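Asks:
Numbering (the working numbering), first residue to last: 22 to 230.
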């Protein structure tokens, strides 16, 4: 049996400002660094054998803070980068709502069928992410794997590992430095922990993510 630990990166200024980040390479702010240090302490109770992360700075810096505790290297991959939202990136969600070139409400209400700038559809992102995650699992049979990534990508990984349709994408939330755990035992997969943020105390859920 192995476990997949999924951790979202720490807070950035764009998180605080309610801006769409996507693949824009933002870094952690001081609160994000604090959150990363706290989740690193939380994970010390676990046995982790290998660490993968997005190659965006906010994810890599979070992963490196954790890796330093375990004495492990971090393996970076663009396959774990956040959803690319093209020219939405950098805009506040209020600004995106006012644009006429894409229907932002369609993305909010029915993301699995929506068309958006950048990667264009959740199907495209799902295929990119899960191809790599499946490779990671095969490459590390029997090991406990930590993946540090982004809110949208972590949701897609959870749905993919559990065989849940993309229609459920907007039915749950992934907070900064939250921990989610999926157990894999041969052909059996189940979710043990979802969006655990006890290590950082109360979390303000951002209504637009």
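In this text, a Cβ means the ideal position worked out from N, Cα and C, and glycines have one as well.
Model, not experiment: these values are computed from the prediction.
Quick one: Cα of residue 203 to Cα of residue 67, how far?
Replies: Taking the straight line joining both Cα atoms gives about 13 Å.
Asks: Quick check on the burial criterion: 16 or more other C-beta atoms within 10 angstroms. Buried or exposed for residue 145?
Replies: Burial call: exposed.
Asks: Applying the 10 Å Cβ sphere with the 16-neighbour rule, what's the burial state of residue 225?
Replies: Bear in mind that the predicted position of residue 225 carries a pLDDT of just 46, short of 50, making it unreliable; the figure below should be weighed with that in mind. By the 10 Å Cβ count, residue 225 comes out exposed.
Asks: Taking the beta carbon of residue 117 as the centre, do at least 16 other beta carbons fall within 10 Å, making it buried, or is it exposed?
Replies: Buried, because 16 or more other Cβ atoms sit within 10 Å of the Cβ of residue 117.
Asks: According to DSSP, simplified to helix, strand and coil, what is residue 152?
Replies: Three-state DSSP puts residue 152 in a helix.
Asks: Are the beta-carbon atoms belonging to residue 179 and residue 143 less than 8 Å from one another?
Replies: For residue 179 and residue 143, no; Cβs fall outside 8 Å.
Asks: Would you kindly work out how many angstroms separate the C-alpha atoms of residue 61 and residue 30, rounded to a whole number?
Replies: In a straight line, the C-alpha of residue 61 is about 11 Å away from that of residue 30.
Asks: As an exercise, report each continuous beta strand (DSSP E) stretch of at least 3 residues that is fully enclosed by the region 68 to 111, in chain order.
Replies: Here the runs fully enclosed are 71 to 75, 95 to 98.
Asks: Between the region 154 to 174 and the region 85 to 105, are three or more C-beta pairs nearer than 8 Å?
Replies: They touch, by the three-pair rule.
Asks: Measuring alpha carbon to alpha carbon, tell me which residue in 75, 49, 86 is nearest residue 64.
Replies: If we check each option's Cα against that of residue 64, 86 comes out closest.
Asks: Fully enclosed by the region 148 to 212, which beta strand (DSSP E) runs are 3 residues long or longer?
Replies: Entirely contained in the region 148 to 212, the beta strand (DSSP E) runs reaching 3 residues are, in chain order, 166 to 170, 200 to 206.
Asks: For the putative contact between residue 79 and residue 49, defined by C-beta atoms under 8 Å, what is the C-beta separation to the nearest angstrom?
Replies: Residue 79 to residue 49, Cβ: 5 Å. Contact.
Asks: Looking only at C-alpha atoms, which of 170, 141, 128, 162 sits nearest to residue 74?
Replies: Comparing Cα positions, the closest option is 170.
Asks: Between residue 195 and residue 172, is the Cβ-Cβ spacing less than 8 Å?
Replies: Yes; because the gap between Cβ atoms is below 8 Å, this pair is in contact.
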